[in-house]
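Each remark here refers to the structure printed beneath this line.
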Amino acid sequence: MKDKRILYVSSEVVPYLPETEISSMSFETPRMINQQGGQIRIFMPRYGNINERRHQLHEVIRLSGINLVVNDLDMPLIIKVASIPKERIQVYFIDNDEYFKRKATLTDEDGTLFTDNDERAIFFAKGVIETVKKLNWSPDIIHVHGWLASLLPLYLKQFYKDEPLFNESKIVTSIYKSGFENELNSKLVDKIKFDNIDEEQIKDLVKPTYNNLMKVAIDNSDALIIGSEDLPEELTSYLANSNKPVLDFHPKDEFSEAYTNFYTTSVLD
């Protein structure tokens with residue numbers, strides 16, 4: 015993977031959030047590519063419970079300052095950056111006071127999903143893409159982890175389909191077991207349609223469950239990785255019928271060779 019450019023987009027990454035299956039693989043995979051001589055960028059949301067002082071986040075003024083339109087509202091984009099100690103890996107944080115200042119990630123203290131998680135997901139997807147455009151950095155692979163990042167494949171393939179920077183980019187999405195109960199805001203599909211994305215592409219999101227969100231991500235990805243040992247049966251079947259390259263689950267202690275081979279032979283081939 016030497017000199018290959020890989021963009022990692024995740025809803026959570028260690029050490030900035032507690033260790034989970036997603037946050038761990040969102041760190042281990044880019045670390046592996048970094049050690050192989052690849053060029054990497056990592057993006058995640060700047061949740062309000064991330065300690066900026068401890069992790070030494072600082073705003074990148076030249077990347078901040080643009081507004082993103084979400085559901086007809088102009089929302090200011092703030093970009094912050096930090097380095098993972100001892101790894102020489104930079105992490106970019108997508109920030110906005112309205113969406114990410116609260117001292118929590120995806121749910122309130124009672125475990126209830128935030129009602130604006132749908133808009134946060136749209137803002138995060140657009141924020142990553144617009145920032146990569148400003149960096150003028152064309153990735154060979156874009157690897158997506160976690161459901162808050164799962165609208166990125168849709169926006170890349172539909173809203174940004176004429177953006178030349180991503181013409182050759184291949185999208186890989188890791189599908190995990192950990193999602194959410196119930197549904198996101200029922201108006202999600204209308205907010206995406208506001209961006210002139212074809213209704214047929216998002217018909218599953220009329221009922222915005224975790225499984226349906228993942229189905230849309232699968233539809234708009236070039237290759238998939240099973241990130242958990244057990245997935246919901248509905249997603250297992252959908253993956254099997256996707257007619258796309260799918261890498262079976264590999265635990266953290268033995269994923270390296272499998273992921274590298276998958277990148278080189280199934281994704282970039």
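Residues in the sequence shown are numbered from 15 upward in steps of one, following the working numbering. For every residue, glycine included, the Cβ atom is placed at its ideal position computed from N, Cα and C.
request  = Helix, strand or coil for P29, going by three-state DSSP, please let me know.
outcome  = Counted from its first residue, the sequence shown places residue 29 at position 15. In the structure shown, P29 sits in coil (DSSP, three-state: anything other than H, G, I, E or B).
task = Tell whether a beta-carbon distance below 9 Å holds between V186 and I156.
result = Locating residue 186 in the sequence shown gives position 172, counting from the first residue. Locating residue 156 in the sequence shown gives position 142, counting from the first residue. Yes. Within cutoff.
key: Segment limits, alpha helix (DSSP H) that includes I75   = Looking up residue 75 in the sequence shown gives position 61. Note, I75: premise wrong, no alpha helix (DSSP H); not H, not E.
ask   = Assuming N228 and L249 make a contact with CB atoms under 8 Å, what is their CB distance in whole Å?
value = The residue given as residue 228 occupies position 214 in the sequence shown. The residue given as residue 249 occupies position 235 in the sequence shown. A quick correction: the sequence has Met, not Asn, at residue 228. The pair is a contact, with the Cβ atoms about 6 Å apart (cut-off 8 Å).
query = In three-state DSSP terms, what is R19?
reply = Residue numbering aside, residue 19 sits at position 5 when the sequence shown is read from its first letter. Looking at R19 - three-state DSSP - the assignment turns out to be strand.
inquiry  = Less than 9 Å between the C-beta atoms of M101 and F269, yes or no?
reply    = On the sequence shown, residue 101 is found 87 positions in, with the first residue counted as 1. On the sequence shown, residue 269 is found 255 positions in, with the first residue counted as 1. In the sequence as presented, Met is not what sits at residue 101; that position holds Glu. Going by C-beta atoms, E101 is not nearer than 9 Å to F269.
ask   = Alpha carbon to alpha carbon, how far is Q70 from T119?
value = Position 56 of the sequence shown, counted from the first residue, corresponds to residue 70. Position 105 of the sequence shown, counted from the first residue, corresponds to residue 119. About 19 Å.
message = According to DSSP, simplified to helix, strand and coil, what is D204?
response = As a working note, residue 204 is residue 190 in the sequence shown. Here D204 sits in helix by DSSP.
request  = For N234, count neighbouring C-beta atoms within 10 Å of its own C-beta (all shown protein chains included) and say buried if the count is 16 or more, exposed if not.
outcome  = Position 220 of the sequence shown, counting from 1, holds the residue named residue 234. The residue is buried, with at least 16 neighbouring Cβ atoms inside 10 Å.
query = Looking at the structure shown, is R116 part of a helix, part of a strand, or coil, going by DSSP?
reply = Along the sequence shown, one-based indexing puts residue 116 at 102. DSSP places R116 in coil when its eight states are reduced to three.
query = Is it a yes or a no for the stretch 164-176 touching the stretch 132-145, going by three-plus beta-carbon pairs under 8 Å?
reply = yes
message = Restricting to runs no shorter than 3 residues, where is the beta strand (DSSP E) found entirely within the stretch 209-252?
response = 237-240
Separation of T274 from F57, as counted between CA atoms = Position 43 of the sequence shown, counting from 1, holds the residue named residue 57. Position 260 of the sequence shown, counting from 1, holds the residue named residue 274. When rounded, the distance between both Cα atoms is 20 Å.
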